[in-house]
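Undergrad: Protein chains in written order, with our numbering: chain A, -16 to 91; chain B, 44 to 158.
Note that beta-carbon positions come from the ideal geometry of N, C-alpha and C, so glycine has one too.
Before we start, here is the structure in question, set down as structure tokens.
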């Protein structure tokens, strides 16, 4: 069974702090995606990374795909209350496998 | 462009009753997915369709869950009879194709509570 473990599971921080969410697996993925899900909504795609070692930036969010394409990280700089939500990584082999999720709460 | 539509948004039923969820994917999307999301347990793929054919239903509890996509467009997921542990959000999603890196678009989800 392919597993994608995310850590931490829960994170509560103050506005302005930095944070990193990790996504780890023993499987190699051809691509990896990050989604954000807000309460009462479905997940929305943030980014897709394809190449080992690839780094993508989306405003204050930085995504990195591990060199071996088994892991990824999401770093948020100067978090804002609008960043609050459930962050999901998802790796693609022959199908898309979702991670266990990280629930982020940013307090003003 | 219209997104993935799901209904109903919320449903409360008693155990052993049945329930059906409907999904209309984005127009032109060949691949349709049903996921079960349980708080604290992540998101599990129940079934994946490519047009009207099933690609993967390995995690679908077939003794009580069924899904169909008869004309390759909209889809229905049914649970009969429901158990308490079926309480979850059922997410429908679609994508243009099932190749790696494709963008998957999710609906808002159908929230099921079994009491």
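(1) Out of A/13, A/-9, A/58, state which residue places its alpha-carbon closest to the alpha-carbon of residue 45 of chain A.
(2) Between residue 94 of chain B and the rest of its own chain, which residues show a CB-CB distance below 6 angstroms, the 5 nearest in sequence each way excluded?
(3) Note the first and the last residue of the continuous beta strand (DSSP E) segment covering residue -4 of chain A.
(4) Do you know whose CA, among A/16, A/-7, A/-10, A/1, lies nearest residue 78 of chain A's CA?
(5) Indicate whether the contact test is met: 3 or more Cβ pairs, each with one atom in the segment -5 to 15 of chain A and one in the segment 45 to 62 of chain B, closer than 8 angstroms.
(6) Chain A partners of residue 88 of chain B, CB-CB under 9 angstroms?
(7) Quick check on residue 129 of chain B: buried or exposed, where buried means 16 or more other Cβ atoms within 10 Å of its Cβ?
(8) Return helix, strand or coil for residue 127 of chain B, following the three-state DSSP convention.
(9) In three-state DSSP terms, what is residue 66 of chain A?
(10) Considering only the alpha carbon of each residue, which of B/52, B/150, B/69, B/88 lies closest to residue 63 of chain B?
(11) From the beta carbon of residue 2 of chain A, is the nearest beta carbon of chain B less than 8 angstroms away?
(12) Does the beta carbon of residue 8 of chain A come closer than 8 angstroms to any beta carbon on chain B?
(13) Provide the residue span of the beta strand (DSSP E) that contains residue 45 of chain A, from first to last.
(14) Applying the 10 Å Cβ sphere with the 16-neighbour rule, what's the burial state of residue 61 of chain A?
TA: In this structure, then:
(1) A/58
(2) 73, 115
(3) -7 to -3
(4) A/16
(5) no
(6) 78, 79, 80, 81
(7) buried
(8) helix
(9) helix
(10) B/52
(11) no
(12) no
(13) 44 to 48
(14) exposed
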